[in-house]
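Report on the structure given below.
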Amino acid sequence: MPYLCGKNSIMSANLPSIQYNREGLSNESLIDLYKALVKPRMIEEKMLVLLRQGKLAKWFSGIGQEAISVGTAMALDREEYILPMHRNLGIFTVRGIPLNRLFSQFTGKPGGFTKGRDRSFHMGTQEYRIVGMISHLGPQLGVADGVALGNLLKKNPHVTAVFTGDGATSEGDFHESINVAAVWDLPVIFIIENNGYGLSTPSSEQFRCKQFIDKAIGYGIEGVQVDGNNILEVYNTVRSLASSMRERPRPVLLECMTFRMRGHEEASGTKYVPQELFEMWGKKDPIRNYEDYLLSEGVIDDDFVSMVRAGIKEEIERGLEIAFAEKDIEADDERELKDMYAPGPKSLIQPGPGKSDKRFLDAITDGMRQAMMRHPNLVIMGQDIAEYGGAFKATAGFVEQFGKMRVRNTPLCESAIVGTGLGLSINGCKSIVEMQFADFVTCGFNQIVNNLAKVHYRWGQHADVVVRMPTGAGVGAGPFHSQSTEAWFFHVPGLKIVYPAFPDDAKGLMAASIEDPNPVMYFEHKALYRSINGDVPDDYYTTEIGKAKTVREGTDLSIITYGLGVHWAMEILDKHPDISADLIDLRTLLPWDENAVLNSVKKTGKVIVMHEDTLTGGIGGELTARIAEKCFPLLDAAPVRIGALDTPVPMSSALEWSFLPKKRFEEALLKLAEY
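My numbering applies: residue 2 is where the sequence shown begins, and numbers increase by one.
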């Protein structure tokens with residue numbers, strides 16, 4: 002009979018007993034599954050002892066759920082990626098990670114995978130094809146989409162398995178990621194560990210569905226439900242699905258019915274769970290039941306059981322001895338800062354002598370097109386970017402030139418697509434993700450600031466993703482299509498932010514962003530797309546990220562700005578030729594060129610910093626603070642900061658231009674020049 006979830010979930014008093022079907026498996030295979038099943042249980046039991054002894058800070062227990070992890074990992078090929086969660090220790094042990102390295106990870110020692118920067122299973126490793134989780138849970142599903150897409154692009158007949166809990170299925174990432182996988186026929190097994198609780202909240206307060214496989218119908222994909230405590234059912238099902246999906250790529254939703262025998266994590270306890278559930282599910286313990294089955298079938302005997310357990314115990318103790326013998330990690334600020342970014346290209350790509358006059362938008366397009374030709378593993382994703390060519394026609398003609406495998410229309414699901422970009426990077430591909438408007442990035446914010454930005458710092462994995470951000474006001478588009486959002490990301494270590502103001506920089510910085518293995522937020526002002534033009538090298542070339550450009554030189558004062566602000570400043574300086582000013586175009590906001598800014602201010606003694614963004618909390622605040630700290634003795638006037646009104650961006654022209662700082666900048670510039 003099928004298990005029921007939702008209102009009648011694991012509260013049912015009629016749990017079916019485990020029925021094993023070896024389906025032609027040899028005794029050797031049965032024994033291998035047994036050994037793999039026992040190991041994570043024995044490790045967990047030891048971890049609980051260490052937790053009580055104060056030698057371990059935290060533990061998320063998977064006791065009672067081991068069959069899901071072990072069965073899945075044993076059924077997949079070693080080169081196929083798995084994206085586990087907290088309660089999937091069996092994934093790590095089946096993949097053969099040395100126990101001393103796992104224990105070093107659990108205890109924050111140097112021998113772990115994150116250099117003490119993250120805990121327990123918040124780690125990944127390319128060597129073992131495991132992608133570490135983040136605490137937000139749902140975003141891992143989108144990353145799995147990207148890994149699977151990378152396999153399709155490389156024509157690898159591989160599947161990807163990603164885990165989530167029943168509680169996390171309420172997150173938007175669950176819907177977005179499965180929907181993308183369904184539309185794109187991505188070979189992903191979405192594994193839901195339905196264990197009855199999200200921390201203390203029971204399933205009846207999490208969702209109303211009867212069973213998760215019913216949700217598969219809504220996405221037009223297959224849904225399969227298994228007894229998650231039955232190692233043979235899990236193993237045979239995953240093995241069969243994977244074999245079929247390698248031949249015919251497509252996603253499958255696999256619901257594994259199980260129960261969490263301990264707390265969400267050990268400190269939370271289990272008082273909120275009715276005791277009778279432990280008694281019911283205790284009878285379905287995956288290890289004891291499978292061991293009894295093998296004993297009854299004569300596949301193993303008691304002596305074999307004792308031998309296996311003794312061997313695992315010895316392996317555990319040996320691993321702990323190595324891990325505990327390691328020296329504790331010593332803080333090193335220089336190392337911490339250095340590890341924020343993956344090493345980028347060592348040299349710039351120089352252009353040839355040929356140049357053509359191009360509009361700002363055409364320069365961006367040219368940079369992307371040449372990058373697509375240079376990098377066959379580069380994928381562009383976004384809403385309406387294929388046949389339609391994008392909202393601003395930046396990718397017009399791309400699908401005809403590069404095909405729909407590499408120029409991909411996406412559903413309206415920014416979070417899943419940013420996650421897909423990270424998954425592509427993990428699988429050795431590059432990606433450009435277009436936000437149709439920079440304002441829409443809010444729907445993908447978590448993936449950017451918690452996945453893309455932190456992944457290299459956490460476990461050394463680069464995120465080779467460029468997020469295109471059509472931005473800015475001055476075009477009468479109102480409060481949801483005109484915001485300046487760069488300051489939202491300026492505070493996030495691990496990201497890079499570029500913001501060109503001229504066509505040649507737009508192309509060179511686009512190419513540099515694509516060449517860089519780190520996540521880059523590429524801001525492009527909509528008002529510049531078709532309003533400015535200039536000479537742009539015909540060849541593919543890169544402009545250095547992190548370097549400002551002196552647009553004009555002067556002696557009276559320094560103007561520091563970027564984007565449309567550069568053109569406002571040029572216009573106003575032309576209007577007031579008596580003002581001799583250094584005009585510094587930042588071009589890159591993170592990292593910003595501190596030397597260029599400070600050297601200019603030291604020369605002139607006066608500075609005005611302008612950004613189009615609202616004044617409070619804008620990038621100008623950081624720049625003026627740094628200038629005041631490092632140039633104070635040389636200043637002839639207090640640094641001036643100019644920004645937009647602290648309101649949303651209004652639509653009507655009169656209100657919008659009153660909102661924008663152009664007029665206030667001119668007034669402040671004249672006042673500063675006369676000071």
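C-beta: ideal position from N, C-alpha, C; glycine also.
Residue environment: A145 is assigned as buried (16 or more neighbouring CB atoms within 10 Å of its CB, all protein chains considered).
For P140, the enclosing alpha helix (DSSP H) stretches over residues 140–154. Nearest to N22 by C-alpha distance, out of L233, M369, V227, is L233. Between A417 and V181, the gap from beta carbon to beta carbon is short of 8 Å.
Counted as a single uninterrupted DSSP element, the beta strand (DSSP E) harbouring C257 occupies residues 253–258. Rounded to whole angstroms, the separation of the alpha carbons of K359 and M86 is 49 Å.
Leaving aside the five residues that flank H265 on each side, the residues in its chain whose CB is nearer than 6 Å to its CB run, in chain order, L200. Counting C-beta pairs closer than 8 Å gives fewer than three between the stretch 533–553 and the stretch 477–492, which falls short of the contact rule. Using a Cβ distance threshold of 8 Å, Y500 and L590 count as a contacting pair. Pairing G72 with L34, the inter-Cα distance amounts to about 8 Å.
The beta carbon of R251 sits closer than 6 Å to those of D186, all from its chain and outside the five residues before and after it, given in chain order.
In the DSSP assignment, the residues bridged to H526 are T472. Within the same chain, Cβ atoms closer than 8 Å to the Cβ of I449 are found at V419, V442, V468, F490, V493, L496, P520, M522, the five residues on either side in sequence being excluded.
When only Cα atoms are considered, S18 and G391 end up about 55 Å apart.
Here the alpha carbons of F114 and G125 stand approximately 7 Å from one another. Secondary structure at Y220: helix, using DSSP grouped into helix, strand and coil.
Taking each of T271, T202, W282 in turn and checking the Cα distance to G229, the smallest one comes out for W282. The C-beta of Y291 has 16 or more other C-beta atoms within 10 Å across all chains shown, which makes the residue buried. Ranked by Cα distance from G109, the first of T396, S204, A149, L321 is L321. In the three-state scheme derived from DSSP, where H, G and I count as helix and E and B as strand, Y389 is classed as coil. Around the beta carbon of F438, 16 or more other beta carbons sit within 10 angstroms, so the residue counts as buried. Using a Cβ-Cβ distance cut-off of 8 Å, the stretch 642–661 and the stretch 603–622 are in contact, since at least three pairs of beta carbons, one from each stretch, lie closer than that value. Annotation note: the stretch 625–660 contains the following uninterrupted alpha helix (DSSP H) runs of length 4 or greater, listed N- to C-terminal: 654–660. Going by DSSP, F399 is part of the alpha helix (DSSP H) stretching over 399–403.
Taking 8 Å as the cut-off, the Cβ atoms of I546 and A372 do not count as close. Beta-bridge pairing by DSSP links E194 to G166, C257.
The beta carbon of R319 sits closer than 8 Å to the beta carbons of L100, N101 from its chain, once the five residues preceding and following it are set aside; these are given in chain order.
Shown here for L565: same chain residues with a beta carbon closer than 8 Å to its own, the five before and five after excluded, namely G473, G475, A502, H526, A528, L529, E613 in chain order.
In this structure, the CA atom of G63 is about 59 Å from the CA atom of V608.
Per DSSP, reduced to three states, the secondary structure at M86 is coil, with no helix or strand assignment. For H137, the closest of Q212, E172, D333 by C-alpha to C-alpha distance is E172.
Assignment of P203 by DSSP, reduced to helix, strand and coil, places it in the strand class. Between the C-alpha atoms of Y273 and A76 there is a straight-line separation of about 35 Å. Counting only runs of 4+ residues, the alpha helix (DSSP H) found wholly inside the stretch 483–554 occupies 487–491, 504–516, in chain order. When DSSP states are grouped into helix, strand and coil, G91 belongs to the helix group.
Beta-bridge annotation (DSSP): E67 is not paired with any residue.
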